[in-house]
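J.: Protein chains in written order, with this note's numbering: chain A, -8 to 465; chain B, 47 to 433. The structure is given below, and queries will be raised subsequently.
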Amino acid sequence: MLFPTATFAIFFLLVLPLSWLTMPWPHRWRPFIVLASYVFYSWWDWRFVFLLAGCTLWNQVLAVRIWRSKVQSQRKALLVLALAGNIGLLGYFKYYDFFVSSSDNMAEIVGLDLPLSLKSIVLPVGVSFFTFMAISYVVDAYRGEFEPTTLEKFAVYLSFFPHLVAGPIVRPSELIPQIETPRDPRRVDTSRAFYLIATGLFKKVVIANYLASSIVDQVFAAPGQHSSLEILIAVYAYAIQIYADFSGYTDIAIGVALLLGFQFPQNFDSPYAAVSVQDFWRRWHMTLSRWLRDYVYIPLGGNRGTSLATYRNLMLTMLIGGLWHGAAWTFVVWGGLHGGALAWERWRRERRSPADATRRTTGRHVWAARIVTFHFVCFAWIFFRSDSFGAAWDMIEGLFTNWGAPSPLVTTGVLLAIAVGIGSQYLPARIPRLLMARFSRLPVLGQATVLALALMVTSVLGPEGVAPFIYFQF
Amino acid sequence: MAERPLPPLPPLPDEETRTLERAATGPPDPPHVPRERPRAPRAEGPQRRQWSAGHALVVSVLALAIGLLLNAPGIHKSAYNKPDGWQRDVALALTGPLAGVSHALLLDRPRKAVQALVGRSGADEIHTDLGLPAPAPAGKPNRPATQAPVSTPSKPKKLAFSPKRKLKIWVAGDSLVITPGYAIVRAAGASPAMEPVGTVDGRVATGLTRPDVFNWFDEIRSSVKELRPRAVVLGFGGNDDKAYMTGLPEGRSIGDFGSWSWRKEYGRRVGGLMDAINRAGAFVVWIGLPQTRSAAQTQRFDVVNAVVEKEARKRDGRATYVDTYTMFAGDDGGYTQYLADGSGQLRKVRADDGVHFEREGGDMIARVVLKALNKEFDLTSWRKQQP
């Protein structure tokens, strides 16, 4: 079930009142919301509901046993078992064919014939997200940071439909306390919720889909047939498309959760205004960044060892982050580029004098840093978006070799959409706050009319049909 | 004993900023470049008014109700475009009157105004006219087809193309044509004697059975007129494996999918498109449907393929059919997602959905399409004439 569809609108209009009506009775509300979430998930493929339920049971049983066990070696063994289950699940569905085909091709080169067969496995939507949340749960229990809750509450935590298929990746300590306490139906932040839903829809349906169909798909599919200007604009357009697509989805998810009385963490904070790659990762897919920090980077040793070990940890974390996005070497290169940039920035920072660091806070330097960071991120997106290294190389080569050729895909509409996307990164926070405050003071009919008009404009400006969200495949 | 409801607790304080700060703590190292301006503490602007859950529900329902009225023409078109069945019947029964009310109350005007502003006037209109010659009266199943004669010669001379006079190629079709289409564009673009024109016109969830969803007959006629290609590569049928068709001639009905009447009408559409393209002076290469992960779908695709192949055969010299069924068969003759290339390396040729193509699969089709064009046209003799 996709958010911007009539099916979801009907589903949500049924779930919203029933959720609030059952909320005062937690033993009724929790089964209800799990059932609703499973219905939401089964819309893609009902068989994967069993996968989700199995993942819930597996992690609950092991988290409780880890928490109760007093023997460190036993706790560790249980943690390894839990992690093996989660990573095994992810590995089987997401990486099995990638591993087999890569191994087979390597073996072919050295003349070996491996007895491995491909399975053409269908990837369950959202599996990367809910397995990461499950890992958070068991690791937090192992670390003694969060006491496992009941199966019922954990099932709500893992399957809660607003975050189920594409995040945000919510930590147990953020969501489970909210699940344990009935939300107050008298105080709902409706204006923020409606603002996020309306802007999220606009970002996804209008900006992301328009850029994809107007320039990105065509140029990335056949870069050799396009001018250097078209390739350059397509790279910028993809940067905006993926931001609008993914942040649009999470805006809607956060808004939907707010209407149900739940607060999710923010997932994007103007990432293209970042002044360094490190800063970018504090603003882009923030819940994944902190997950990688807490469950990969820090366990690897973080910055507690030598400088060299820190660079290695940064690189490994980003390589894993790259591979998380997809079973392809292009994603690994994308992660490697970011890992390399983070290590390089750290190396530079360690050698910078305090005076130099101060000088870099001036406006000119900050803008230069923003421009350099944005272009580095755009360059890395080429690998992220391309089907293969050959295709990525064609894009990079095309950036330099075909200037002056006609560029019919570079239209006013495309440039305007990119400008809106980049401009939104610099929108002062007071403007949305002011809009939300004004909206919250409108009468009921006024609020409904504003939302209906926003819906109408989005519907007219968006292309026909609804393209799936990019991050669903991850 | 009845369960007592728990008293509601106030929600967490507005955590927007706090959560952001917590999340943005990032890796343990401090940021090396401070931001341009330190972030201002939460502004003292106007505060948001909190409302009740009931208010949220009322606003949501009202917004959707007003939205339905404002968007009624578009919603009615979407209902019309739905696959045949009870859901479509119900949707049409509801959205028809809704569109009437919206029009009577002038509530469809804002939508029309915005459409006019962005150059999309008429986007909500439904065109089902195929613009094809009238079908022959129904006859016996074995009666030979009586297509309207095409004015182009039966078999054109092998036309020669060169870097100075390139063979213009255009690609169009449903979602299955998109990946092979771009592969053809890449391959043709690399050839000195070919030139892809226009963009790959691949439209998801469209076909020849539902001109109400997207009228390919209008689209292709106008595109060949504008782009003037000499070869048109088409790929349709992935969404046509259903009984229901719109745009039928007055008073005509068709039977189940695959029935004689269905094949006849579908053949009329396929043949009509081929003829329209031939009339514009272009050769047609029609990419057939591949086998898919679903055996039932593959069987339905076989029906579509048989109709297309028959129509192409009738137009020998003006159209050709590219069989992808065997091209993508695995070692056991069935569906496979991976195929070995010439050097024995496994390549993923089919997408995870079990239907569409991966880039490598598209390249395989492009090679066969270009071979077909080489057979039909003289694309190499110019090399011999070079000094």
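All C-beta atoms in this analysis are idealised placements derived from N, C-alpha and C, irrespective of residue type, glycine included.
(1) Cβ-heavy atom distance between A:Y87 and the ligand NAD below 7 Å?
(2) At the level of alpha carbons, what is the spacing between B:D135 and A:W34?
(3) Between the Cα of A:G331 and those of A:P399, A:F211 and A:G313, spot the shortest distance and give me the residue it belongs to.
(4) Which of the residues in the stretch 296 to 328 of chain A, read from start to end, lie with their CB under 8 Å from any CB of chain B?
(5) Return the first residue and the last residue of the beta strand (DSSP E) that A:G414 is part of.
(6) Within the 8 Å Cβ cut-off, does B:I266 reach chain A?
(7) Between B:S208 and the rest of its own chain, which residues show a CB-CB distance below 6 Å, the 5 nearest in sequence each way excluded?
(8) Do you know how far the Cα of A:Y86 is from the Cα of A:T489?
(9) If the cut-off is 7 Å on Cβ atoms, which residues from the stretch 202 to 226 of chain A count as contacting chain B, listed in chain order?
(10) Looking only at its own chain, which residues have a Cβ that is under 6 Å from the Cβ of B:V330, when we skip the five neighbours before and after it?
(11) Return the bridge partner residues of B:M240 from the DSSP annotation.
(12) If you compare alpha carbons, which of A:P256, A:T308, A:E341 and A:T321 is closest to A:S298?
(13) Between A:L452 and B:A109, what straight-line distance do the alpha-carbon atoms span, to the nearest angstrom?
(14) Please report the distance separating the alpha-carbon of B:I215 from that of B:Y367.
(15) Shorter than 8 Å from the beta carbon of B:K212 to some beta carbon of chain A?
(16) Helix, strand or coil for B:G301, going by three-state DSSP, please let me know.
(17) What is the residue span of the alpha helix (DSSP H) that A:W384 lies within?
(18) Nearest-angstrom Cα distance between B:G363 and B:I411?
(19) Applying the criterion that 16 or more other CB atoms from any shown protein chain within 10 Å of the CB defines a buried residue, is B:E422 buried or exposed?
(20) Decide yes or no for the touch test of the stretch 156 to 176 of chain B against the stretch 271 to 285 of chain B: beta carbon pairs closer than 8 Å, at least 3 of them.
(21) Quick one: residues in its chain with C-beta nearer than 7 Å to the C-beta of A:I373, no 5 flanking neighbours on either side, listed in chain order?
(22) For a cutoff of 8 Å on Cβ pairs, would you count B:Q343 as touching chain A?
(23) Comparing alpha-carbon positions, which option in A:T440, A:G158 and A:W320 lies nearest A:W275?
(24) When you compare the CB of B:L116 with every CB in chain A, is at least one pair closer than 8 Å?
(25) Taking the beta carbon of A:F(-6) as the centre, do at least 16 other beta carbons fall within 10 Å, making it buried, or is it exposed?
(26) Measuring alpha carbon to alpha carbon, tell me which residue in A:L307, A:F123 and A:H217 is nearest A:N393.
(27) Does A:S164 get closer than 8 Å to chain B when you measure Cβ to Cβ?
(28) Expressed to the nearest angstrom, what Euclidean distance is found between the alpha-carbon atoms of A:R178 and A:T172?
(29) Tell me the DSSP secondary structure of B:A86 in three-state form.
(30) How big is the Cα-Cα spacing for B:L222 and B:F403?
(31) Straight-line CA distance for A:F2 to A:P8?
(32) For a quick check, are the C-beta atoms of B:D399 and B:R346 less than 8 Å apart?
(33) What three-state label does DSSP hand A:R421 in the structure shown?
(34) Using the Cα positions of B:G235 and A:Y417, report the straight-line distance between them to the nearest angstrom.
(35) Say whether the stretch 284 to 298 of chain A touches the stretch 260 to 269 of chain A, bearing in mind that this needs 3 or more beta-carbon pairs closer than 8 Å, one atom from each stretch.
T.: So, to answer that:
(1) The ligand NAD is not part of this structure, which contains no ligands at all.
(2) 22 Å
(3) A:G313
(4) Contact residues of the stretch 296 to 328 of chain A toward chain B are L305 (C-beta to C-beta distance below 8 Å).
(5) It is not in any beta strand (DSSP E) - A:G414 instead sits in the alpha helix (DSSP H) that spans T403 to G414.
(6) Taking Cβ atoms only, chain A never reaches closer than 8 Å to B:I266, which makes this a no.
(7) A239 and W428
(8) Outside the displayed range of chain A (-8 to 465) lies residue 489 of chain A, so it cannot be described from this structure.
(9) Among the residues of the stretch 202 to 226 of chain A, those with a Cβ less than 7 Å away from any Cβ of chain B are Q209, A212, A213, G215 and Q216, in the order of the chain.
(10) V278, M320, I323 and A365
(11) Per DSSP, B:L213.
(12) That would be A:E341, whose Cα lies nearest to the Cα of A:S298.
(13) 19 Å
(14) Taking the straight line joining both Cα atoms gives about 16 Å.
(15) no
(16) coil
(17) F380 to T392
(18) Distance between B:G363 and B:I411, taken at the CA atoms: about 20 Å.
(19) buried
(20) no
(21) V226, A383, M386 and I387
(22) no
(23) A:G158
(24) yes
(25) A:F(-6) should be labelled buried.
(26) Comparing Cα-Cα distances from A:N393 to each of A:L307, A:F123 and A:H217, the minimum goes to A:H217.
(27) no
(28) 14 Å
(29) Any reading at B:A86 needs caution, since the residue's pLDDT is 43, under 50, leaving its predicted position unreliable; the model's value is listed next. Three-state DSSP puts B:A86 in coil, outside helix and strand.
(30) 7 Å
(31) 11 Å
(32) no
(33) helix
(34) 40 Å
(35) no
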